[in-house]
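Data block below; observations after.
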Amino acid sequence: MGEAIDVSWAATDVGDFGYYVVWASSQPVDNLAATWARCKDDVGACGAVKMDIQYPINSEQGLIGLTLTKALYDGDNVENSDPDTIRPNVPLSVTVTIHDLYGSAFLTGLPSVVVTPIDNRDDIIAPDRLQAPIVTDVPNDNGTAVYVEFELSDASDIDHYEVYSDIIAYTSSGHRQPIMILDRIVQQPIMVKVIDGGETIMSGIPVHIAIVPVDSSGNAHRDLLNVGSGKAIDNSGDDPGGHLPDVDFTVQWSEDGGAIEIEWQELVRTDIRSYRIYVSDSRFENTDEADMAKGGIIGTFWSLEEFNETLSYDNSTHWFIAVSAFDGNVWKHLVQAKELKPYKAPSDGDGDGTNDGEASAGLFDLIDMNTMLTILLSLAIVTVLLLAIRGRSNRSRNEALELAHAAWGLPQEEGWGDNEDGEVPRSPDADLAGTLIPAASQIQASQESQETQPGVAPQVEAPPTDASRRLAELSDDMFGDTPSSKSSSGDSELDSLIDDLL
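Below, the structure is given as C-alpha cells:
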C-alpha cells in the first residue's frame, strides 16, 4: 500500500554506545540540530524511532533493520515539518544518528538516502527470476541435508522467498509446494533437509532446488526456473582432524574428589597449537557426541572442577574423558575416551586407595568381537593338534609291541600297552643268587675240565643252514653268546621258518 519503508544499517562498535535514532522526512535530513533540540525528549512525536540495541540479532552481514511507518511532512524544511503516516509515491530522505550514553551525537553533515514508497496493490509485475542457487553437502553429517546459497533479489518490494526441493529434475513448480518460506532478509547459507512431500533427503541421491522471489502483491515467476543441483554425502565417519595423532593421557579424581585431573604426553609436533578436553556421562568415540569441557589448553595437565561451567562434577557416577589435539584449524574428532569410575576415598578402601577412581579401559573394552573369535579359533586348533599328537604316540607304541609279539613270539601280558605313560609292567625281581650264580659256576667248571684234557680240541658245529647261522649271529650280538654255543635244530622246516621270520 506504500505506507511503510524498510531501513537497515551497519552496527557501530563504539564503547559508549547509547542508542540509535532513525529519521525520515519529505525534506532533506542532512542537518538535524534544531530538530533534535525540539524532539529529544520525545522522538516519537517527530516521527522518528529510537533503538537501544547496538548489535543485530540473527541479521545478515551484521545489519540492523526496522520498518518505518511515519515520517515528517508539510513543511519547507525539516525543522517545521509534522509527523504523519507514510504516503505512497512521495520520496523520503532517511538517515540514522548514533548517540552515546549522554545523548550526544553528530547532527550536521549527515549522510542520507532517498526512497519512494510504492502502493503495490495494483502491481502485477513479478520480480525477476533468480540465478540457479548453489547446492553443497553439509560436512560431517549423515548425508541427510544440503546447504543452499543464492543471490537476493534487487526488487524493492520483495516480501519473501519460496524454496522448492525435489529429487526429480524440474523447471516449473507445478504441483510442488514450497518446503520453506524465507524472509526478505535471510541468513545464508540455508540448510535444506527435506524434499517435496516432506520426505528426508537421502545420501548420494541428487536433489534439485529452486528459489522463487515473491513481492508484496504475491507476484512471482514459478516457471522457467533456474534450478541448482547437488548431493548429500554421508561423511559422518570422516574425521577432519584425522591427520592429527592420538593423545595418550591419564585421568583420575583429585585427592578430595572435587575435581577431575587429566595429564597427557606432550606431542612433539610443530603443528599442534593446543589441546581440548571432552567430557560425557556416556561412552563416546566422536567429539561431536560429547561436551567440550575446556579448549585452548597449553601444556600437559588440566583440572576440571565444573561441568558446563555451572555444576560440580558428580563424583558418585561414571564419567568418560577424552583429550584431542588442535592445530589451529581443526581438531581430532575420532578419539578413545577413557572411563573415570566413581570416586572412592582412600579411607574407604584397602591400602592407600590410589587406584580408586582412576580411568580404566576394561578387557572387554579393548577386545572386540573379531579378536575374541580369533583367540577362540586359535585355542581350538591347538587342542586338536595336541589330541592328534597324543593319539599317534599311543598308536606307534602299540604297533611296536604287536610287531615284537609277531616276530619273536613274545607273550602279550594282559594290559600291556594300556598304560598312559607307555611303560611295560615289570615282573618280580629274579633270585639271582639261587639260579644264575650256581649255573654260571657249573659252566665255568665244565670249561676248565675240558681244557685240562690234553689233545682234545673243542668241537664247534657250524650251523647247518644259513637261517640258523643268522639267528646265531643275532643272538650273539644281542646276548653276548658265541655261535658255537648254539646248535642247529637239525630240522630243515624249522630253519626255513626262522629264515622267513628274519
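Reading the sequence shown from the start, the letters are residues -6 to 495 in this note's numbering.
Note that CB positions come from ideal geometry on N, CA and C, so glycine has one too.
query                                                                                                                                                                : result
Would you kindly work out how many angstroms separate the C-alpha atoms of N24 and L100, rounded to a whole number?                                                  : 6 Å
Would you call the CB atoms of V128 and S196 closer than 7 Å?                                                                                                        : no
Give me the DSSP bridge partner(s) of N82.                                                                                                                           : The partner list for N82 (beta bridge, DSSP) is empty, contrary to what the question assumes.
If I194 sits next to K186, beta carbons under 8 Å apart, how far is it from one beta carbon to the other, in whole angstroms?                                        : 6 Å
Do you know how far the Cα of N82 is from the Cα of I91?                                                                                                             : 29 Å
Output the boundary residues of the beta strand (DSSP E) element that contains R243.                                                                                 : This sequence places Thr at residue 243; Arg is not what is there. Where T243 is concerned, the enclosing beta strand (DSSP E) stretches over 242 to 246.
Buried or exposed: A381, going by 16 or more other Cβ atoms within 10 Å of its Cβ?                                                                                   : exposed
Pairs of beta-carbons, one from the region 266 to 278 and one from the region 313 to 332, closer than 8 Å: are there three or more?                                  : yes
Reducing DSSP to helix, strand and coil, say where R269 ends up.                                                                                                     : strand
Between D152 and the rest of its own chain, which residues show a CB-CB distance below 7 Å, the 5 nearest in sequence each way excluded?                             : R177, V207, D208, S209
Return the first residue and the last residue of the alpha helix (DSSP H) that W29 is part of.                                                                       : 26 to 32
For S146, count the other beta carbons within 10 Å of its own beta carbon; 16 or more makes it buried, fewer makes it exposed. Which is it?                          : buried
So, helix, strand or coil for H153, using DSSP?                                                                                                                      : strand
What is the DSSP secondary structure of N279, counted as helix, strand or coil?                                                                                      : strand
Alpha carbon to alpha carbon, how far is V106 from D112? Give it in angstroms, no decimals.                                                                          : 20 Å
Mind checking who K63 pairs with in its DSSP beta bridge?                                                                                                            : T78
By DSSP, does A17 sit in helix, in strand, or in coil?                                                                                                               : strand
P21 and S74: beta carbons closer than 7 Å?                                                                                                                           : no
Do the region 330 to 337 and the region 305 to 312 meet, that is, are 3 or more Cβ pairs less than 8 Å apart?                                                        : yes
Roughly how many whole angstroms lie between the Cα atoms of D116 and E278?                                                                                          : 58 Å
Take the Cβ of V131 as the centre, count every other Cβ of all protein chains shown within 10 Å, and call the residue buried at 16 or more, exposed below.           : buried
Can you name, in chain order, every residue of its own chain whose Cβ lies under 6 Å from the Cβ of G8, other than the five neighbours on each side?                 : none
Just to confirm my understanding: we take I188, look at its own chain, exclude 5 residues before and 5 after, and list those with CB closer than 8 Å. What are they? : S158, D159, I160, I172, I194, V200
Secondary structure at V220, three-state DSSP: helix, strand or coil?                                                                                                : coil
Between the Cα of A203 and the Cα atoms of E299, L218, T376, which residue gives the shortest distance?                                                              : L218
Pull up the distance between the alpha-carbon of D34 and that of L56, whole angstroms please.                                                                        : 27 Å
Rounded to the nearest angstrom, what separates E282 and G235 at their Cα positions?                                                                                 : 17 Å
Buried or exposed, going by whether 16 or more other CB atoms sit within 10 Å of the CB of K275?                                                                     : A small fix is needed here, since residue 275 is Ser in this sequence, not Lys. With fewer than 16 Cβ atoms within 10 Å of its Cβ, S275 is classed as exposed.
Is the separation between the beta-carbon of V89 and that of Y12 shorter than 7 Å?                                                                                   : no
Going by C-alpha to C-alpha distance, which of Q124, R114, C32, A138 sits closest to D150?                                                                           : R114
Go to A315, then tell me how far its beta strand (DSSP E) extends in each direction, as first and last residue.                                                      : 312 to 319
Just to confirm my understanding: we take P126, look at its own chain, exclude 5 residues before and 5 after, and list those with CB closer than 6 Å. What are they? : V141, F143, I202, I204, G221
Report the option in A26, L372, L260, L59 whose CA atom is closest to the CA atom of S97.                                                                            : A26
By Cβ distance below 7 Å, which residues in the same chain neighbour M184 in space, the five residues on each side in sequence not counted?                          : V131, A138, Y140
Between the C-alpha atoms of W257 and T293, what's the straight-line distance to the nearest angstrom?                                                               : 5 Å
Using C-beta distances below 7 Å, list every residue in its chain close to N70, excluding the 5 sequence neighbours before and after it, in chain order.             : Q20
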